[in-house]
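Enquirer: Questions regarding the structure given below will be posed in turn.
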Amino acid sequence: MKKIRVLVVDDHTLVRDGIRALLALAADIEVVGEAASGKEALQKVRQLEPNVVLMDLAMPAMGGLEATRRIRREFPGTKVLAVTQYDDSEYVIPVIAAGAYGFITKSAAFSELASAIQAVHNGDSFLSPSAAAALVEECQQKTNDKAEDDPYQHLTDREREVLKLVVEGNTAREIAEIMVISPKTVEWYKTSLMNKLNIHNKADLIRYAIRKRIIAL
Numbered sequence: 002m003k004k005i006r007v008l009v010v011d012d013h014t015l016v017r018d019g020i021r022a023l024l025a026l027a028a029d030i031e032v033v034g035e036a037a038s039g040k041e042a043l044q045k046v047r048q049l050e051p052n053v054v055l056m057d058l059a060m061p062a063m064g065g066l067e068a069t070r071r072i073r074r075e076f077p078g079t080k081v082l083a084v085t086q087y088d089d090s091e092y093v094i095p096v097i098a099a100g101a102y103g104f105i106t107k108s109a110a111f112s113e114l115a116s117a118i119q120a121v122h123n124g125d126s127f128l129s130p131s132a133a134a135a136l137v138e139e140c141q142q143k144t145n146d147k148a149e150d151d152p153y154q155h156l157t158d159r160e161r162e163v164l165k166l167v168v169e170g171n172t173a174r175e176i177a178e179i180m181v182i183s184p185k186t187v188e189w190y191k192t193s194l195m196n197k198l199n200i201h202n203k204a205d206l207i208r209y210a211i212r213k214r215i216i217a218l
């Protein structure tokens, strides 16, 4: 059986020794080398041609983030799996963007580490549960922030109804009959919604409605 060749990169000897000892238990994984910095990692990748690099992020003489970028660019056949003590999205997102195929914390169990190595070696992505949860939370927060910034979200139901009827070409009197309100109230709703959207003429209001898919072309 051909083993997965792994390079362990961490600036702490005890961590490298611990990972090496753990991976010695896996029948399909072989640690072919170690490196204590990003710069040394590049040299070892060039010399040893590992399949997977276990990359710490905070290291001297070139950090893991820059080393990951360079490995992805210079050695596309080698997969990087980030291994760090932090699982916040501020760590996960940059290293994935830099080219890492996976992210796992140093508190992970041996079975999780082995599964992560096997996954990235096969070209799949791998995120530890805590890292995946951090990413989900980040995406949800961005979605919420975006929704809060959208002035359309601040329109009342009646204002949205008036907006749709206006851009569909109805007059104030026709809208009043449809909504069973006075034309004066229709004008009040129209003025209010246009102020909230910061739109001041009907042509721009129609363009906005098309962009928001309130009406179709």
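In case it helps, the numbering used here puts the sequence shown at residues 2 to 218. By construction, the Cβ of each residue, glycine as well, lies at the ideal position given by its N, Cα and C atoms.
When you compare the CB positions of LEU58 and VAL96, do they come within less than 8 Å of one another, or not?
Expert: For LEU58 and VAL96, yes; Cβs fall inside 8 Å.
Enquirer: If contact is defined by three or more beta carbon pairs under 8 Å, each pair taking one atom from either stretch, is the segment 39-51 in contact with the segment 147-167?
Expert: Contact fails: fewer than three Cβ-Cβ distances are below 8 Å.
Enquirer: Within 10 angstroms of its Cβ, does ALA204 collect 16 or more other Cβ (buried), or is it exposed?
Expert: Per the 10 Å Cβ criterion, exposed.
Enquirer: Rounded to whole angstroms, what is the Cα-Cα separation between GLY34 and VAL54?
Expert: GLY34 and VAL54: Cα-Cα distance of roughly 10 Å.
Enquirer: Between the Cα of GLY39 and those of ALA28, ALA62, ARG21 and GLY19, spot the shortest distance and give me the residue it belongs to.
Expert: The residue with the shortest Cα to Cα distance from GLY39 is ALA62.
Enquirer: Of all the alpha helix (DSSP H) runs that stay within the bounds of the segment 67-94, which reach a length of 4 or more residues?
Expert: List check, alpha helix (DSSP H) in window: nothing returned.
Enquirer: Please confirm if ASP158 has its CB atom under 8 Å from at least one CB of chain C.
Expert: Checking the listed chains, one finds no chain C in this structure; it contains a single protein chain.
Enquirer: By the three-class DSSP mapping on this structure, what secondary structure does THR106 have?
Expert: Three-state DSSP puts THR106 in a strand.
Enquirer: Please list, in chain order, all residues of the same chain as ALA99 whose beta carbon is under 6 Å from its beta carbon, the five residues on each side excluded.
Expert: Here the set comprises LEU66, THR69 and ARG70.
Enquirer: Can you have a look at GLU41 and say buried or exposed, based on whether 16 or more other CB atoms are within 10 angstroms of its CB?
Expert: When all chains shown are included, GLU41 counts as buried.
Enquirer: Per DSSP, what kind of secondary structure is MET56 in: helix, strand or coil?
Expert: Strand at MET56.
Enquirer: Which first and last residues belong to the beta strand (DSSP E) in which ALA36 is found?
Expert: It spans 30-36 - the beta strand (DSSP E) in which ALA36 sits, taken as one unbroken run.
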